[in-house]
Amino acid sequence: MKTILKNKYELSNVLKKEAEIRNIIINDNIIEKLLIYMELVLDWNERINLTAIKDEYEFIYKHFIDCLEIVKYINKGNRVIDVGTGAGFPGIVIAIYFDTDIKVTLLDALNKRLVFLQEVVDKLNLGNVELVHGRAEEISKNEIYRQQFDIVVSRAVANLNILLELDVPYIKVGGKGLFMKGSKAQEELNEAIGALKLLNCKFSNIYNYQYIINDEVYIRNIIDVEKFNNTSNKYPRIYGKILKNPLK
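Residues 58 to 305, numbered by this note's numbering, are exactly what the sequence shown covers, in order.
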């Protein structure tokens, strides 16, 4: 049975108001596409595990408002890759927001999630999206993708010291990584200082924001790192070694 949102008008108003509070201006076309995207996620969620969030208002905050924060640090014309995209957060949101002004590659190891994402791309007519099936540590060895992106993004994939080894090989010199994290972002960053050095990156900034649902405050952070030199060919290692012995 196709999922139909209960109150699109009210959801649209919440989305628009909360975005504007954060100095993110979204038009009716963006809102319409985001709500269609939500319907598709909730519909497919009955078949494959895409999100634990089923309440529509909670979805607005935890997925859309959260992911829209990252567009502040991306420029038109950037080539972006979302590593471990899952249900498409934040990559699909970025693609919807910038439309043809940006190119987004969505990478995931689970093919059935990419089947879902292909339907999203088709339904929303997202001509700026490329889907890639494979493991992050393997695809980054391919010269088509290695050091070819202005920006790499990841959300809820792994601890930062592990994530850096998986993601940095995709970034071109002078590009950056934007890593979406929760309240322990600074702790993860402290543990990843050695990994940053080994991967020829440096910490640039950490952007803090929050949203409130039913009086509960959710603390969120985006860690911004800059790549200043090429990644050694020895990185990334095979995933088992990355997990067993994270860069320090």
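Just so it is clear, CB atoms sit at the ideal spot from N, CA and C, and this is done for glycine as well.
Cβ neighbours of Ile270 within its own chain (closer than 7 Å, five residues either side excluded): Glu115, Tyr118. Taking C-beta separations shorter than 6 Å and ignoring five residues to either side along the sequence, the partners of Val214 in its chain run Gly141, Leu220, following chain order. Between the segment 231-241 and the segment 295-305 there are fewer than three C-beta pairs closer than 8 Å, too few to call the two in contact. By the Cβ test, the segment 136-154 is in contact with the segment 89-105, since at least three Cβ pairs between them sit closer than 8 Å. Ile105 is not bridged by DSSP to any residue. A direct Cα-Cα distance of roughly 33 Å separates Asn132 from Ile105. For Asn265, no alpha helix (DSSP H) segment is defined; the enclosing uninterrupted segment is the beta strand (DSSP E) at 258-270. Assignment of Arg136 by DSSP, reduced to helix, strand and coil, places it in the strand class. Counting of Cβ neighbours within 10 angstroms places Ile201 among the exposed residues, the total staying below 16. DSSP places Glu113 in the uninterrupted alpha helix (DSSP H) bounded by 113-116.
Taking C-alpha positions only, Lys229 is separated from Asn64 by approximately 43 Å.
Ile83 is a Cβ neighbour of Lys73, given a cutoff of 8 Å. Minimum Cα-Cα distance from Asn286 among the listed residues Asn182, Leu181, Phe236, Gly232 corresponds to Gly232. The alpha carbon of Glu96 has as its nearest neighbour, out of Ile78, Phe260, His120, the alpha carbon of His120. Ile196 and Arg203 have their C-alpha atoms some 8 Å from each other. In this structure, DSSP gives Gly145 a state outside helix and strand, which the three-state scheme calls coil. Bounds of the beta strand (DSSP E) holding Lys238 are 228-238. Taking a cut-off of 8 Å for Cβ pairs, the segment 162-170 and the segment 256-271 do not touch, as fewer than three such pairs fall below it. Membership of Lys160 in the beta strand (DSSP E) is indicated by the continuous run 160-165.
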